[in-house]
Structures are given as C-alpha cells and as structure tokens.
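Protein chains in written order, with UniProt numbering: chain A, 1 to 556; chain B, 1 to 281.
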C-alpha cells in the first residue's frame, strides 16, 4: 500500500487533483481510500487529502507518506516529517523548499504553455503515476469523464508531460479490483436513500452534512425527488415529517448543531408515529465547535434527544458499504415501526472516498404503509395492538380519515388526558421496541477468536480499529479481537456480553472525550472498560495511532 | 357534497373560534369537498385545535411549525386540500420565520390565522399582534413592543393572496374562505376574533364597531393601495381580500412536480438507481 498526500491552501485545486488521481488509481485496478482534511475557510490556510492505494482492501487512512504533492511551502513544512525515508515531495520550482526529497518540476510554466495554469495538477498526476510504475493505458478514457471536453486535450497532454518528467521509483503493484465503485460516505448515504425510494429531502445547509443534500439535489430530476432547502433546521425536519405523513418517503439531514434545533420534532415523529430518517453527520461540538472536522460525540445526545420517552433507533455507519445498505435499512425500519431512525455518520466517513464492491439492489426491500381501506368498523390510526404497531394509512388515499397528533391522544388521534388512555398509548408505543430488539444487528467481530484483549468501537473507527487489530495480531499472535457496533441504540448485547466475558482486558476506542459508548455499555450491561483510547482533536485516529497507544499503555 | 361533522370543543363560551369553525364547515361543504380530500393542519394553541373539531384528515403538530408540515404534505400529495388553522402566536411568533419563507415558497395551501391579539392557551400573555401599552400577566406595565402588522408584512413579502376577515361576520368570512381555498398558491387570511377570557380590549364590540367591508370597486391587484389599506388598523379596519395576484405556485415551479403525477405516486425506477451506481464505477 502507498500513501500520497496532496496539500496546499484552500482554493489551490487540491480537491480536483485528489479526485482525478484517485479515479485514475481506481481505474488502474487499485483499492483506494482518500481522507480529506480541510479548514473552515474558502481561501488560504492549509488543506490536504491523503490518497491511499494498493492491491489489498483498504479500510482507513495512514499518515506514513510515500509521497507529497505540495502546492505550497507550508505543506512541505507541516508534512515532511511524515514522509518515509525513500519518499518524495513533488512540487513546482517556485517553492522555496530545499528539502533533499523534493522533485521540482516546472509545472506552472508548462501548464501555462499548455493553455491553462490549472492543468499543473494533471502534470503532477502524470508524475505520480510514473513514480509508482503505473502505465497510461487507461488515462485517455478516464480523463474524458473527469474533465470538460474543452479542457480534455490539454489535461491529457499534461499527464503525459508529467509522466515523462520523472523515473519510476517504487515497486509496481498489480491492480486487482476491476469494476469497483469509488465514492464518498455522504454520497453513499444519498445513494442508499434513493435506492430506498426517498421522495422528499428537506434540510438546512450545514457542514459536513451538506454533501448528502448536494448529492441528492444533483440527482433530484433523474430520480424524481424533491430536495427542499428549508429556511431553518426546524422547518427541515417538520417538512420531512409532513411529507412522510402524507405518504412521500422522507428524510432530513444535519450535523450536531442543526440536530439540536430539530430535537422537538424528533419527539413529534415519536408520539405521532410518523416514519422519519435523520442523518447526523457529526462534527466536533459543542455549539459551532470545529465545523469541518470529525468527532463521534453526538451518540449520547441523539439516543436521548427530545423530552419524554419514545422508541427510536440509532444506527452508526462504519464504512462505505454500511453507508449505502444501512441507510436503506433505516427507511425500512422507520416505516415498519413508524419511528424516527437516526443514522450517525461523521465528517471522516462522509467526506472520505473509498472503493467498494458495486452495490447490489437485488435483495433490497423497503416496507410500504398499510394502504388497505377499512370498510368494516372504524379505522383507528392509533389502534392498540399486540406489537404496538398500528395501521398507518395515507391521508386522501382511502375514504378513511387519518390523524396525527403531538398531544397524547386516543386510538382515533384525538387529544386525551385520562390516566388509563395515557398508559395504554405509552405502552403501545414502547412495545414496538420488543420486536425491534429481536432484529438488531450484533456488532461485527474482527480478529482472533482466541483474543484476550478486546477493543470496542462504533461507527467510523471501524477502519482504523480493523487495521490496528491486524497489526497487533501480527506482533502478538492470537491476542486481539474487536467488536465494532453499527446498531448502537437500542444496544445489541448478546455478542458483547459473550466476548466481554472472554476478555482479560477491555478497551473502548472512541472519537470523543468521555467514552460515550463505554458509558452506554456500562449503563446497560454493567460491563466496565479497563482502558479508553479517546481522541477529540477533530482528526480521525489511524490504525497506527491505535497500535501505538495500545502499546504505550494507560491512556485516558 | 361531503358532510363535515363538528365535534365538542374545549373553547370558552363566546369564543370567536366558533364562528370560524362554523364558517369553515359550510365553506368546505359548499365547495363540494369530501372530508377525506381535506387535510386540516394545526400547530399548538386554541385555534390550532380546529383539526380536532372538524372531520377531515388531521395533523396537529408542534407549536409554530404548522406551515412547514402543511406545505410538505401538499408537496407530497397535491390532491389534498391543505388548510392550516392556527393562532397569531403560532403563526407570527414561534412560527414567524416559517410564515415569511412559506410566502416565498408559495405552496398551494390556505392559512387561516385566528388572530385574537393575545395568547389564549398559555392564559393571556402578549402576542406579536397585541397593542402597545396593553397590560397582561407578563407585560405588567403594558406591552412595550410595537405590534406586528401581518397583512402589511405578507403583502410586502410577496404573498399572492392576502385577506382579513372577522369571526363575527360569518357570511363574509365564508366568502373569503372560499376564495382563499380556491386560490392556487399560498393564501393567508388574518381573521380577527375576540378572546372573551384574556383580551378585554379587542372585544367583539371593538371589532364590530371598526370593521368595514372593502368597497365593491376595490381593486385587489393594486399592491400599493393594498398596503395603504393594510395600514388601516385603528378606528377603521378593512375586511376582505386586500391583495390578490396570479403567481406560479411551488408545484408549477418545481421541475420534479410540474405536470407530473403526485409525488407520493412517483415510484423510484430501479433502472435509474442502477445507472447511478454505474456512474461511480
């Protein structure tokens, strides 16, 4: 596996260079994983992407760099210490750096000669391909899809010029993947929503969740979905609830601060039993926090958000496969149980791109509302049933009248205050959890069955933990295992209790300051973690960092 | 013609809401609507309980949030006749931002604001339309905030149908309601209604003595004149359709909805999803 960092100031074209390079690498048959680290500004500062590629599956990023494409001197200064001993710094001759690893090319002036200074990125890409011994066979065809026709020829030429400017340095890896997809976590969520038949998405722009809305908007005409930018977060969720009540599959999305504003309506979905999917792409809080960075600190918030008690489901996305399939499952669960389902992603997963096996639509099923008109007896929207699930009809689709009420209500949906009816209705709603608990997905176990140290994580730390377990088991064979939760609330306990009983040492690994999953597990099972590896600087932990911190011992 | 039933209410005897409920019932019946074709939406407040008291599909949501839910329900299914009944606090206070932006959105829904210039359900605090100087349980030395003029605001913000009515003139109210429901786009009617329990200033007699119907030759397409009339809110208060303009509604403007079957009936094509997946390969 190789790691290449593309760095510079905001506005210098890092995103384009990284996106084009990762696509060319994918087309060469490599597994690719690109993480994106950027500041909350439109110009200047320091942004970078790290593209990792190789011929074995890749689940996370690494900061051990084989190469840097430096668009400014800051990039060299900040990242040269992460460079392996035979690594390179590819940059323009205008950079002041005298680093011995620098390969300086006249990229800017060559680009100007080609007709546009912006094609310097393609020169760098050509040089990188050559350094890693990758041929140009697929370049012409791939570039057609990456750049506008008017700029195609000069970009293809630029890649070739870059290619001719350097010699191959690294051992060539044979590409093996073939027809994999490459996409970001947020696009995978959007694609999942479309596959689930979402018809209405209303939200207010907020980093890093906006990527989901932008993707859905870009496909709205093709897929026939209304994407409405709401006047505020509150309107965003209330619109989604209104659309869902009226029969259009609906979703809203936001990040932590926006979720705060949506909380009252989450309870409306709960008490009025209106299916709703909410994606929370987490970023560090509180308040504005670090807008463009990553954290897993909304777990305890979203499992208890809104006053009162009502059933809900929280699914944390672990990777780009989950992002698609679990989003679809969220819609199905929301419909079948008539509850809000919260999908937790974060900036790391949302903005990073990865190669995945093409998504398979053949087994996808999402439930529909009840639909049948009641011709005998009275239709009761909130009928008391054994499993707590009442018949949901769509208003206007039958002669039956459909109600929704945020007040406590009777079976018809009318306001009540009687003690008996309140208890019946609360019990009815909470009973839905009994059935839901039976179909929870246990956390994924990774590592050796013989483990004595068990690492526990959730969501996007999946990749780094998975990688760390592999490395640790190479160093100390058979010693490490890990459980990574996807379904986090209600908490699936069976496998956890089984594995925790076997473990001599339990370590929770989380991107927050208080060990929120650790706390939830302790509350619900009495299992206490021996150690915690917590990170809350807004940067995703890497596999190598986990290995290092485990070997160091005691970390808060 | 459908038959709309009314149910027992929790309103005070003499409440202006009764006039509104009765006019709404006759309006819907005379328009030939059937209860299952109608979605009544409310937020929270005394007025917002209207969906509970009249047959139809009903959505009683959150305080201030009736408009976004109602607009989205209409976006989902344009065949529904969507009518919001809610108060001045819900519409102009807690829901003020939605009021502004739903004017811009122009979804084909009707908004009846039961404006009694006071908070009823929370027992008598100043609302956004309470007069300056009015003493309440919270504004103990008199409200020092200037009252909002919702009609003027709506016209200025670009609403295509702006009307004022009085709950004490049921026949006139019914005519306005009919016109509002038939209007293609967002139609707002600010309905003056006495709160017999908590507003001893803006009483039935207070309104009765001040309201006058707009003249037969009044031109509701004249926006400047409409704004002038909207500013009459003292000794004389005009009732009627102050402003009306043909505008493209949300469904006409939205490319996914325009000329298509209702959104909830548009099923996602698997082939489209498959081709989207292919775009990432």
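Note that beta-carbon positions come from the ideal geometry of N, C-alpha and C, so glycine has one too.
Between the Cα of residue i and the Cα atoms of the options, which residue gives the shortest distance?
{"i": "residue 338/A", "options": "294/A, 388/A and 290/A", "result": "388/A"}
{"i": "residue 534/A", "options": "456/A, 498/A and 110/A", "result": "456/A"}
{"i": "residue 218/A", "options": "23/B, 256/B and 130/B", "result": "256/B"}
{"i": "residue 252/A", "options": "193/A, 452/A, 150/A and 515/A", "result": "193/A"}
{"i": "residue 9/A", "options": "38/A, 2/A and 30/A", "result": "38/A"}
{"i": "residue 209/B", "options": "14/B, 194/B and 155/B", "result": "194/B"}
{"i": "residue 343/A", "options": "291/A, 324/A, 130/A and 166/A", "result": "324/A"}
{"i": "residue 329/A", "options": "375/A, 276/A and 98/A", "result": "276/A"}
{"i": "residue 382/A", "options": "425/A, 396/A, 358/A and 359/A", "result": "425/A"}
{"i": "residue 506/A", "options": "493/A, 492/A, 514/A and 527/A", "result": "527/A"}
{"i": "residue 331/A", "options": "405/A, 304/A and 244/A", "result": "244/A"}
{"i": "residue 435/A", "options": "289/A, 521/A, 492/A and 448/A", "result": "492/A"}
{"i": "residue 21/A", "options": "417/A, 138/A, 189/A and 81/A", "result": "138/A"}
{"i": "residue 118/A", "options": "14/A, 68/A, 173/A and 129/A", "result": "14/A"}
{"i": "residue 384/A", "options": "94/A, 411/A, 282/A and 361/A", "result": "411/A"}
{"i": "residue 529/A", "options": "519/A, 537/A and 273/A", "result": "519/A"}
{"i": "residue 272/B", "options": "232/A, 212/A, 237/A and 361/A", "result": "361/A"}
{"i": "residue 110/B", "options": "134/B, 211/B, 253/B and 28/B", "result": "28/B"}
{"i": "residue 302/A", "options": "273/A, 25/A, 259/A and 168/A", "result": "259/A"}
{"i": "residue 115/A", "options": "152/A, 126/A and 125/A", "result": "152/A"}
{"i": "residue 147/A", "options": "242/A, 24/A, 182/A and 220/A", "result": "24/A"}
Here's the rule I'm using: 16 or more other beta-carbon atoms within 10 Å means buried, otherwise exposed. How should residue i be labelled?
{"i": "residue 341/A", "result": "buried"}
{"i": "residue 83/A", "result": "buried"}
{"i": "residue 311/A", "result": "buried"}
{"i": "residue 171/A", "result": "exposed"}
{"i": "residue 539/A", "result": "buried"}
{"i": "residue 188/B", "result": "buried"}
{"i": "residue 430/A", "result": "exposed"}
{"i": "residue 275/B", "result": "exposed"}
{"i": "residue 145/A", "result": "exposed"}
{"i": "residue 229/B", "result": "buried"}
{"i": "residue 7/B", "result": "exposed"}
State the DSSP-derived secondary structure class of residue i, mapped to helix, strand or coil.
{"i": "residue 222/A", "result": "helix"}
{"i": "residue 10/A", "result": "strand"}
{"i": "residue 31/A", "result": "strand"}
{"i": "residue 36/A", "result": "strand"}
{"i": "residue 188/A", "result": "helix"}
{"i": "residue 118/B", "result": "coil"}
{"i": "residue 485/A", "result": "strand"}
{"i": "residue 180/A", "result": "coil"}
{"i": "residue 6/B", "result": "strand"}
{"i": "residue 425/A", "result": "helix"}
{"i": "residue 150/A", "result": "helix"}
{"i": "residue 437/A", "result": "helix"}
{"i": "residue 148/B", "result": "coil"}
{"i": "residue 27/B", "result": "helix"}
{"i": "residue 137/A", "result": "coil"}
{"i": "residue 274/B", "result": "helix"}
{"i": "residue 456/A", "result": "strand"}
{"i": "residue 124/B", "result": "coil"}
{"i": "residue 143/A", "result": "helix"}
{"i": "residue 403/A", "result": "strand"}
So does residue i have its beta carbon nearer than 7 Å to some heavy atom of the ligand ZN?
{"i": "residue 475/A", "result": "The model depicted lacks the ligand ZN and carries no ligand whatsoever."}
Item to check | Inter-stretch contact at 8 Å, needing at least 3 Cβ pairs: the segment 481–492 of chain A / the segment 354–370 of chain A | outcome: no
Checklist entry - Which ranges does the alpha helix (DSSP H) cover as unbroken runs of at least 4 residues, wholly within the segment 37–65 of chain B, from first to last along the chain? => result 50–53
Item to check | Inter-stretch contact (C-beta, 8 Å, three-pair minimum) for the segment 58–69 of chain B and the segment 98–116 of chain B | outcome: yes
Next on the checklist: Counting beta carbon pairs with one atom in the segment 193–202 of chain A and one in the segment 220–227 of chain A, are three or more of them shorter than 8 Å?
Outcome noted: yes
Next on the checklist: Quick check: the segment 118–129 of chain B against the segment 193–212 of chain B, are at least 3 beta-carbon pairs closer than 8 Å?
Outcome noted: yes
Checklist entry - Is there contact between the segment 485–505 of chain A and the segment 312–330 of chain A, where contact requires at least three CB pairs shorter than 8 Å? => result yes
Checklist entry - Which runs of the beta strand (DSSP E) fall wholly inside the segment 156–186 of chain B and span at least 3 residues, in chain order? => result 161–166
Checklist entry - Which residue spans inside the segment 317–379 of chain A form an unbroken beta strand (DSSP E) run of at least 3? => result 340–346 and 353–356
Next on the checklist: Report the start-end ranges of each beta strand (DSSP E) in the segment 38–126 of chain A that is 3 residues or longer and not cut off at the edges.
Outcome noted: 44–54, 65–70, 83–92 and 102–105
Next on the checklist: Could you tell me which whole beta strand (DSSP E) segments of length 3 or greater appear in the segment 497–556 of chain A?
Outcome noted: 505–510 and 531–534
Checklist entry - Just checking, does the segment 537–554 of chain A make contact with the segment 462–471 of chain A on the three C-beta pairs under 8 Å criterion? => result yes
Next on the checklist: Going residue by residue through the segment 195–250 of chain B, where are the continuous beta strand (DSSP E) segments of at least 3 residues, counting only ones entirely within it?
Outcome noted: 211–213 and 237–244
Checklist entry - Looking at C-beta atoms only, is the number of pairs between the segment 152–167 of chain B and the segment 233–242 of chain B that lie closer than 8 Å three or more? => result yes
Checklist entry - If you scan the segment 257–307 of chain A from start to end, which runs of the beta strand (DSSP E) of 3 or more residues do you find wholly inside it? => result 276–282
Checklist entry - Are at least three pairs of beta-carbons, each pair with one atom in the segment 24–34 of chain A and one in the segment 51–71 of chain A, less than 8 Å apart? => result yes
Checklist entry - Counting Cβ pairs, one atom from each stretch, are 3 or more of them under 8 Å apart for the segment 93–100 of chain A and the segment 63–80 of chain A? => result yes
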